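Protein sequence lines, in the order shown, are assigned to chains F and E. Counting from 1, one number per residue, gives the positions in the first sequence under my numbering. Counting from 694, one number per residue, gives the positions in the second sequence under my numbering. Just so it is clear, CB atoms sit at the ideal spot from N, CA and C, and this is done for glycine as well. Keep in mind that this is a model prediction, so the values were computed, not measured. Take a look at the structure below.
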Amino acid sequence: MIRWISLVIVLVAVFAMSLIPPYFFRLADPFQGPMKAVSRPPPPAPLENYVLVIKADSEKEAMYKLGYAHAYYRFFQMDVMRRVVQGRLSELLGEAALDTDIYFRTRGLYIAAEKTWAYIKERYPQFADLLEEYTRGVNDFLASNPPIVEYLILGKRPEPWSPVDSIAIGKLIAWSLSGGEDDLYLKELVDALGPEFLKIALVRADNTPILPQKASFSPLGSNNWVISPGLTATGKPILANDPHLSLSAPPIWIFQKVETPGYTVMGVAFPGVPVVVIGTNGYVAWGFTNTGVDVIDYYYYVWSGDRYYYNGTWLEAQRRVEKFRVCDLNNNCAVRSIDVLETMHGPVVDFRGQRYAMRWLGNNVTLEAIALYMMNRARNLTEFLNGLRYFATPSQNTVYADRYGVVAYFASGYYPIRDGGYLPFNGSRGEGEWRRLVWLPDVLRYINPPYLATANNKVADANIYLQWRWADRYRHDRITELIAQKIAGGKISASDVMDIQRDVVDISCRDAKALLRLYGGVAGKKLLEELDGWDCAMAPSSLTAARYAMFVYTLQKLSWERFNVSITFVPFEVTLASIGRGLIDRAIVEKAAEEALKINSPWGSIHKYNIQHVLSSVFPSLSYRSVEAPGDWFTVNVAPGFAVSHGPSVRFIVAFGDGIYMMLPGGPDGDPLSPLYDAMYIPWVRGEYVKVG
Amino acid sequence: MSRWAKYLGLAIPLLGIMSPWHIVNAAALPLVGGLIYGYLAEKRRHVALSPAAALVPVALVLLYYALTNAARLARFLEIFPIFALLWVLFWVVFFTMGATAGYILRHRPVKS
Chain F
1 MIRWISLVIV LVAVFAMSLI PPYFFRLADP FQGPMKAVSR PPPPAPLENY
51 VLVIKADSEK EAMYKLGYAH AYYRFFQMDV MRRVVQGRLS ELLGEAALDT
101 DIYFRTRGLY IAAEKTWAYI KERYPQFADL LEEYTRGVND FLASNPPIVE
151 YLILGKRPEP WSPVDSIAIG KLIAWSLSGG EDDLYLKELV DALGPEFLKI
201 ALVRADNTPI LPQKASFSPL GSNNWVISPG LTATGKPILA NDPHLSLSAP
251 PIWIFQKVET PGYTVMGVAF PGVPVVVIGT NGYVAWGFTN TGVDVIDYYY
301 YVWSGDRYYY NGTWLEAQRR VEKFRVCDLN NNCAVRSIDV LETMHGPVVD
351 FRGQRYAMRW LGNNVTLEAI ALYMMNRARN LTEFLNGLRY FATPSQNTVY
401 ADRYGVVAYF ASGYYPIRDG GYLPFNGSRG EGEWRRLVWL PDVLRYINPP
451 YLATANNKVA DANIYLQWRW ADRYRHDRIT ELIAQKIAGG KISASDVMDI
501 QRDVVDISCR DAKALLRLYG GVAGKKLLEE LDGWDCAMAP SSLTAARYAM
551 FVYTLQKLSW ERFNVSITFV PFEVTLASIG RGLIDRAIVE KAAEEALKIN
601 SPWGSIHKYN IQHVLSSVFP SLSYRSVEAP GDWFTVNVAP GFAVSHGPSV
651 RFIVAFGDGI YMMLPGGPDG DPLSPLYDAM YIPWVRGEYV KVG
Chain E
694 MSRWAKYLGL AIPLLGIMSP WHIVNAAALP LVGGLIYGYL AEKRRHVALS
744 PAAALVPVAL VLLYYALTNA ARLARFLEIF PIFALLWVLF WVVFFTMGAT
794 AGYILRHRPV KS
């Protein structure tokens, strides 16, 4: 009998094993589960001063080593990014990622990446060889079966890398900077508010274009600036750039220095892509901010089944079937499929029940990787421009400086000439066809300005439509104001430029005060009195800053939330103009002031960084810790919203004759178990820099 | 058989280092280890101590990782304490179940 009891105990234990979900055993396995990640092999290339340093005897060797090192430090991040473009994230993260997969698979970004790679292999075999070396480096790292903690948690094995994946990451970045569905949201607002709103949105009375002169075409949240040699302490130019992107753990960039016999280049790169995007090679330096130039159009048609009417004829839309594997924690996967239609303009997407075909410049073969590769090697302005010519999209405010003292600005990229472009076109009538592409630097350039700043503000007044959602002018105007102040006090140094990048004064307060004066009512008067005694600095310790931020937020919310658009979709200048013209009820100004006066805690207590890892929703400890964030939507040191997940993705300064300075919002190593995982985060919050060259 | 023979059971969970199967490493091996431990235990007290005994291989695994990279182990325990707790819980529970079953299986009279 007693032996039976022992058998029962064993059976109970085995039965318990069968009842417990398998992923529990995976997570609890000390040898093949997440704990295995403790025994990570030593790094293939060092991180010196947070910089990934690659030294090689040839370019091919450098690419191989770079691929290996990117994978070592950031492979999970690389994989997530390529899967976003592939529409295969739900294989990794389950049902929660399916909507993202459908979104990107429908838009066909990975198909465009495949076409681009085929083109590069055929037309640029030397560059293709380098990309293949990089890929070989990544895959050799993966072949060593490295213990990467995220995969050990998820119970997945990393899949091999491909050169298409590198190009796909470029497509993803380009898409994220191209405005997405802006035209469709604008249509919603115009439908609701009428053509008067469109006039306000397209032609803002108050704006400060980057280029002073009107641009004439013969048929065009980041900061950067250049200061010419005559105004600097060293007598050589200074270039500064802090591109504003989503903040994540690990950061979107890796800072690298690649030394080959032919050239040495350092700067930030996207893990998964070997070229430096923003950087310097000792001869030239360059930086980017997004122009917001509109290169996406939407077309609606008369449909009959899969056929659409176009210019007098019925055409058959092409159909592609997209299959998705959605896997759960136990790696049981279900297959879902959708049909995607494609018209002559592009893939058909659904937007609030209406079908539109989407045409995006980036869905063509585009060669930004080659552009950057050439810019990495450029030794003067001519060579730099030879590279820039390959840069199709996203259009960037490109600032340039070189050791010879030249500074310059170019709006890079190509722009499709068509009639309009800000609202969806009637595709059935043949509206909105792209007549030709113009290379923007042919028109939008400025060589050797004394100084010039860009902050996603309007590029130029032009004789054609270029953009409508440029950023409010406040950051740009504040930067130029500070540069002018520094010049008035003497020569500018790298330290002065750091001060500018750290600046948290929000000059939108000047416009807001004018609004309160006009329409604020009793509460507005009270808030105005407080604002009048304030320096507009969005310091974490300031109560008035908190009240001001709440005023701006509430104003945007009351203005736009009812139209079912993001409250930050409409620029603040447009909000002010819409209230001023009576399109939006002016009573909201007093309501916003009332809400602001209810705030009784300093800005830092309600405004914190919220920088997350992909798996943070399950493992919050993977996020960087939440600390007070200085700044707001409109400060040079930008920190929009209350839970801040967007901001300066790198602070980068090249002061020729002095040094190269940078800081990333996180750590260089993407491995959460690494002591370098968040090493630069707090120094970045404090506005500190490391000198890297 | 040597009175030390039962301690062989404590080494069994460590065999997981050669196994690719999570269920084996997290549960089956501790169960088998417990069975051996309990079967060879002379006194009921040894079985009563089996939850604590299960912590011996746990400590050895932690020692192995600490020697490999103490800083990374500390980070792991800081970020993923739940995984470590789950692992320890599984090893203790299955080892103890095995030890109890093993002891009963041998069915010897109880010695105090």
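Test: residue i CB closer than 7 angstroms to a CB of chain A
| i | result |
| --- | --- |
| F:Met17 | This model lacks chain A altogether, as its protein chains are F and E. |
Residue i versus residue j - alpha carbon distance
| i | j | result |
| --- | --- | --- |
| F:Glu529 | F:Asn600 | 16 angstroms |
| E:Arg768 | E:Thr761 | 13 angstroms |
| F:Pro212 | F:Leu98 | 46 angstroms |
| F:Ile238 | F:Leu466 | 29 angstroms |
| F:Leu388 | F:Thr289 | 14 angstroms |
| F:Arg445 | F:Tyr409 | 5 angstroms |
| F:Thr135 | F:Phe75 | 12 angstroms |
| F:Ala317 | F:Val349 | 13 angstroms |
| E:Trp780 | E:Pro723 | 11 angstroms |
| F:Ile698 | E:Gly731 | Outside the shown range of chain F, which is 1 to 693, sits residue 698 of chain F, and nothing can be said about it. |
| E:Leu653 | E:Gly727 | No information on residue 653 of chain E is available, as it lies outside the stretch 694 to 805 that chain E covers here. |
| F:Lys199 | F:Arg325 | 46 angstroms |
| E:Ala704 | F:Glu95 | 41 angstroms |
| F:Thr544 | F:Trp534 | 7 angstroms |
| E:Phe787 | E:Glu771 | 25 angstroms |
| F:Lys236 | F:Pro229 | 4 angstroms |
| E:Val725 | E:His739 | 16 angstroms |
| E:Leu708 | E:Asn718 | 8 angstroms |
| F:Val570 | F:Asp140 | 47 angstroms |
| F:Lys156 | F:Asp165 | 19 angstroms |
| F:Phe31 | F:Pro147 | 11 angstroms |
| F:Leu676 | F:Thr260 | 26 angstroms |
| F:Ser649 | F:Pro195 | 37 angstroms |
| F:Arg355 | F:Ile653 | 45 angstroms |
| F:His345 | F:Met662 | 42 angstroms |
Under 9 angstroms from the C-beta of residue i: neighbouring residues of chain F
| i | result |
| --- | --- |
| E:His739 | None at all; the shortest Cβ gap to chain F is about 16 angstroms. |
| E:Gly709 | Asp29, Pro30, Phe31, Gln32 |
Proximal chain E residues relative to residue i, where beta-carbon distance stays under 7 angstroms
| i | result |
| --- | --- |
| F:Val38 | Tyr758, Thr761, Asn762, Arg765, Leu766, Phe769 |
| F:Val10 | Ala794 |
| F:Ser144 | Chain E residues near F:Ser144: none, gap ~16 angstroms exceeds 7 angstroms. |
Contacts of residue i in chain E (Cβ-Cβ under 8 angstroms)
| i | result |
| --- | --- |
| F:Met680 | What F:Met680 touches in chain E: nothing, since even the nearest Cβ is about 17 angstroms away. |
Neighbourhood of residue i by C-beta, 8 angstroms cutoff - its chain only, sequence neighbours within 5 removed
| i | result |
| --- | --- |
| F:Arg3 | none |
| F:Leu109 | Val85, Ala168, Lys171, Leu172, Trp175, Gly362, Asn363 |
| F:Met266 | Val51, Phe255, Gln256, Lys257, Val258, Val276, Gly279, Thr280, Asn281, Ile660, Val692, Gly693 |
| F:Lys513 | Leu528, Leu531, Asp532 |
| F:Gln126 | none |
Assumed close pair residue i, residue j - CB separation to whole angstroms, cut-off 8 angstroms
| i | j | result |
| --- | --- | --- |
| F:Trp603 | F:Ala549 | 6 angstroms |
| F:Thr208 | F:Arg473 | 4 angstroms |
| F:Ile252 | F:Ala269 | Going by Cβ atoms, the distance from F:Ile252 to F:Ala269 rounds to 10 angstroms, so no, they are not a contact pair. |
| F:Leu615 | F:Phe197 | With 8 angstroms as the limit, F:Leu615 and F:Phe197 do not qualify as a contact, their Cβ atoms being about 42 angstroms apart. |
| F:Val399 | F:Thr454 | 7 angstroms |
| E:Leu742 | E:Ala698 | About 16 angstroms separates the two Cβ atoms, so there is no contact after all. |
| F:Lys115 | F:Val365 | 5 angstroms |
Partner residues on chain E for residue i, Cβ-Cβ distance less than 9 angstroms
| i | result |
| --- | --- |
| F:Pro34 | Phe769, Phe773, Phe776 |
Listed by chain order, chain F residues near residue i by CB distance under 7 angstroms
| i | result |
| --- | --- |
| E:Leu779 | Phe24, Leu27, Ala28 |
| E:Phe787 | Ala13 |
| E:Ala719 | Phe25, Ala28, Asp29 |
Chain-ordered neighbours of residue i on chain F, where CB pairs are closer than 8 angstroms
| i | result |
| --- | --- |
| E:Ala704 | Simply none; closest approach about 14 angstroms. |
Neighbourhood of residue i by C-beta distance below 6 angstroms, restricted to the same chain and skipping five residues each side
| i | result |
| --- | --- |
| F:Pro219 | Note that F:Pro219 scores a pLDDT of 43, beneath 50, so its modelled location is shaky; the value from the coordinates is reported in the next line. These residues qualify, in order along the chain: Ile417. |
| F:Trp360 | Ile296 |
| F:Leu329 | Tyr23 |
| F:Arg26 | Gly33, Gly155 |
| E:Tyr796 | Gly731, Ala734, Val740 |
Residues of its chain near residue i, where Cβ-Cβ distance is below 7 angstroms and the 5 sequence neighbours each way are ignored
| i | result |
| --- | --- |
| E:Pro744 | Val785, Thr789 |
| F:Met375 | Trp286, Phe384, Gly387, Leu388 |
| F:Glu181 | Phe351 |
| field | Chain-ordered residues of the stretch 724-756 of chain E with a beta carbon less than 7 angstroms from chain F | value | Leu724, Val754
| request: With 9 angstroms as the C-beta to C-beta threshold (strictly closer), list the residues of the stretch 618-635 of chain F near chain E in chain order. | output: Phe619, Ser621, Leu622
| Interfacial residues, the stretch 661-692 of chain F to chain E, with Cβ spacing under 7 angstroms | Pro672, Leu673, Pro675
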